[in-house]
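For the sequence shown, our numbering begins at 1498 and goes up steadily by one. Ideal Cβ placement from N, Cα and C applies to all residues, glycine included.
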Amino acid sequence: MHQPYLKNKYNRCGISPGLRLGYCYVKVHERGKEVLVAICDEELLGKTITVGDIVIEVKPEFYRGERVEVSRIHEYIERGTVINLIGNNVVKEAAKRNKILMDAAVEFNGILHVQIVK
């Protein structure tokens, strides 16, 4: 069934070189050999995104770890075996080093989200 509110925005989400992206939260969850890295745009922490029947909670207990500049997320992404990104700034920054990532991104009410499993 087609869900028009879930859209891949690869062609509409351009990446502007030199754009100052601000801050985000990064939390690393380790269990055995798995390293899950959760990253969200700073302004999304604690928010709930609702689209139709889909509800996404950007829970502080999952995402709030270190507050870093968005440009620093690559060092965390390299460490992770599973990456969870939510927010336009962090998804676009990650896509600077992995162009295919934008193909996997979905948009919820204008907010990009992607999960990567290595």
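Check: How is Lys1524 classed by DSSP in three states: helix, strand or coil?
Finding: strand
Notebook entry, point to check: Gly1549: buried (16+ other C-beta within 10 angstroms of its C-beta) or exposed?
Noted result: exposed
Check: In terms of residues, what are the limits of the alpha helix (DSSP H) holding Asn1585?
Finding: Asn1585 to Ala1592
Next item on the list: Could you give the DSSP three-state label for Asp1550: helix, strand or coil?
Entry: Note: Asp1550 maps to coil in three-state DSSP.
Margin query: Using 8 Å as the threshold, is the C-beta distance between Glu1566 and Tyr1522 below it?
Written below: no
Next item on the list: Verify whether the separation of the beta carbon atoms of Val1588 and Val1611 is less than 8 Å.
Entry: yes
Checklist line | Close Cβ partners of Lys1556 (< 8 Å) along its chain, the five nearest in sequence each way excluded | finding: A distance below 8 Å between beta-carbons, with the five flanking residues on each side excluded, links Lys1556 to the following residues of its chain, in chain order: Gly1543.
Notebook entry, point to check: With DSSP run on the structure shown, which of helix, strand or coil describes Ala1601?
Noted result: In this structure, Ala1601 counts as helix in the three-state DSSP scheme.
Checklist line | Glu1676 versus Val1534, Glu1590, Arg1564 and Arg1528, residue with shortest Cα-Cα distance | finding: Lying outside 1498 to 1615, the shown extent of the chain, residue 1676 is not represented and no answer is given.
Notebook entry, point to check: What distance in whole Å lies between the Cβ atoms of Ser1568 and Glu1554, which are believed to be in contact at a cut-off of 8 Å?
Noted result: Between the beta-carbon of Glu1554 and that of Ser1568 there is about 26 Å, and that puts the pair past the 8 Å contact cut.
Margin query: Helix, strand or coil, according to DSSP, for Val1614 in the structure here?
Written below: DSSP places Val1614 in strand when its eight states are reduced to three.
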